[in-house]
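Numbering (the working numbering), first residue to last: 1033 to 1526. Note that CB positions come from ideal geometry on N, CA and C, so glycine has one too.
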Ligand SMILES: [Fe+2]
């Protein structure tokens, strides 16, 4: 995979630029607030699927290029290169950087030239990332809530989003998670393969702000409509368009020697790459997804209409449930993190919803329905997490920062990253817990002995003041808890 090269670094730098220029007809209000660059070619690079010895770069350019990556263990010192590939215009390619040392930082940059050119390869901007941490090796990761770029002016501002992502990137996270509702398609006037794909390319220049140095893990949300109920046996399905666009532009894990996950191959999609688990340092990470496993709409159906009446029909499914169970039970990690768009994928609230249906076992009338509805499952999902020492369950959907705890599991709801109104949405749905208004992201610092969770606030420059500073920590807690009082516990009965 590695071949020596001798070409000199010359030419203009590869730039990550405003998506309005990358995608013809992308007239989404608010997106144009990222200032476009003028240099050519325009390239976006996002990382994904980091392992103990590799990472995958997804690169996309606005013109046909020959590209390869050079990389090494120190800035400006490149000991190896990838093979050269041809990037078609506006057609991304995945490039594997491998053969790396575990628990080590690697520096890399793109080399590129026009196809047919006999000239030297120009050099892109250097970035770096870290391979899997060994136990005992501390690290940071960051996670954002619903970005909702289709809600410009109400819950989204492009400049604020870019500032949030740049602020997170400056934290030097080993990776970055999004929690869903980042690629909403249900407000598109025309839903087809091209318009759905635009939702994914629109995000590229933004997510690349952090994703060029921190591999991205995407959690599926309800507004993505990447959901099983929309399958129709043909390639012409919004779910197929959405998942294919997602997997084309963002390298997400499938089961291999490093990740576990979903081995199902769906017609016209292949491997979904919608849920996965991995270990990093002293932490286990598990991403789960009810949308691809439920036969019915989990939240609002595409095109409108009533929500699913019988919420027992909303499910992780047997295969995902027993994978989650086995993953949690087999892990000896000090910290265990589970990520989903929301408890059961719908509803409002955190622990207020945790007792319901397959998540907590109670029927709509408050009686125990689990044994009848899930006869082969030993425990509801919440109780499974509690029994296996899950540290934090992260969720979005409610557009509010809330920290709650139930049976020793912290329920951490995530704020929006780009809400220019800085609103405290859906606070009434949370009858307990510590709440804080938008906008920002959550930063988690992990060591073998302790854990720190920070809510980092972000502001537009004009909204800053002596009491509101971009990058300030609005709320923080540590585990084991030392300075902060432990909130009262509630216990679910059965
Ligand atoms: Fe949302």
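{"query": "Exposure label - residue 1336; buried when at least 16 CB within 10 Å", "result": "exposed"}
{"query": "Residue 1221 classed as buried or exposed, judged by whether at least 16 other C-beta atoms fall within 10 angstroms", "result": "exposed"}
{"query": "Check whether residue 1116 and residue 1099 have beta carbons under 8 Å apart", "result": "yes"}
{"query": "Collapsed DSSP secondary structure at residue 1243 in the structure displayed", "result": "helix"}
{"query": "is_contact[residue 1343, chain D] using C-beta, thresh 8 Å", "result": "No chain D is present in this structure, which holds just one protein chain."}
{"query": "Straight-line gap, residue 1366 to residue 1315 (C-alpha atoms, nearest Å)", "result": "6 Å"}
{"query": "Boundaries of the beta strand (DSSP E) in which residue 1079 is found, first to last residue", "result": "1075-1080"}
{"query": "Where the alpha helix (DSSP H) containing residue 1350 begins and where it ends", "result": "1349-1362"}
{"query": "Residue 1194: first and last residue of the uninterrupted alpha helix (DSSP H) it sits in", "result": "1190-1202"}
{"query": "6 Å CB neighbourhood of residue 1442 in its chain, flanking five on each side removed", "result": "1424"}
{"query": "Euclidean distance between Cα positions of residue 1067 and residue 1181", "result": "For residue 1067, the predicted structure reports a pLDDT of 45, less than 50, and the residue's modelled location is therefore unreliable. A value from the coordinates is still provided. In a straight line, the C-alpha of residue 1067 is about 16 Å away from that of residue 1181."}
{"query": "Closer than 7 Å: residue 1428 CB and nearest ligand 1 heavy atom", "result": "yes"}
{"query": "Continuous alpha helix (DSSP H) stretch holding residue 1442: start and end", "result": "Counting along the chain, residue 1442 falls outside any alpha helix (DSSP H), though it belongs to the beta strand (DSSP E) covering 1441-1445."}
{"query": "Cβ pair residue 1143, residue 1285 closer than 8 Å", "result": "no"}
{"query": "Exposure of residue 1240, with buried meaning 16 or more beta-carbon neighbours within 10 Å", "result": "buried"}
{"query": "Residue 1321 Cβ short of 7 Å to ligand 1 heavy atom set", "result": "no"}
{"query": "Heavy atom of ligand 1 within 7 Å of residue 1213 beta-carbon", "result": "yes"}
{"query": "Where residue 1555 falls: helix, strand or coil (DSSP)", "result": "With the chain covering only 1033 through 1526, there is no way to say anything about residue 1555."}
{"query": "Cβ-Cβ separation, residue 1140 to residue 1103 (assumed contact under 8 Å), whole Å", "result": "4 Å"}
{"query": "For residue 1453: DSSP bridge partner residues", "result": "Answer is none; residue 1453 lacks a bridge partner."}
{"query": "Given 8 Å, three or more beta-carbon pairs between the segment 1340-1351 and the segment 1270-1283", "result": "no"}
{"query": "Through-space distance from residue 1356 to residue 1362, alpha-carbon basis", "result": "10 Å"}
{"query": "Residues bridged to residue 1125 [DSSP beta-bridge criterion]", "result": "1091"}
{"query": "Whole-angstrom C-beta distance between residue 1196 and residue 1487, which should lie under 8 Å", "result": "Contact flag wrong, Cβ pair sits at about 12 Å."}
{"query": "Assumed close pair residue 1212, residue 1252 - CB separation to whole angstroms, cut-off 8 Å", "result": "6 Å"}
{"query": "Residue 1238 - DSSP class collapsed to helix/strand/coil", "result": "helix"}
{"query": "C-beta atoms of residue 1312 and residue 1171 nearer than 8 Å", "result": "yes"}
{"query": "Whole-Å CB distance - residue 1078 paired with residue 1236, under 8 Å assumed", "result": "7 Å"}
{"query": "8 Å Cβ cutoff met for residue 1413 and residue 1511", "result": "no"}
{"query": "Backbone CA spacing between residue 1199 and residue 1503 [nearest angstrom]", "result": "7 Å"}
{"query": "Assigned exposure category for residue 1451 - 16 Cβ within 10 Å defines buried", "result": "buried"}
{"query": "Residue 1142 - partner residues in DSSP beta bridges", "result": "1101"}
{"query": "Straight-line Cα distance separating residue 1432 from residue 1191", "result": "20 Å"}
{"query": "Proximity test, residue 1581 beta-carbon vs ligand 1 heavy atom, cut-off 7 Å", "result": "It is not possible to answer for residue 1581, since the shown part of the chain is limited to 1033 through 1526."}
{"query": "Simplified DSSP state of residue 1413, which is helix, strand or coil", "result": "helix"}
{"query": "Residue 1105 beta carbon less than 8 Å from that of residue 1136", "result": "yes"}
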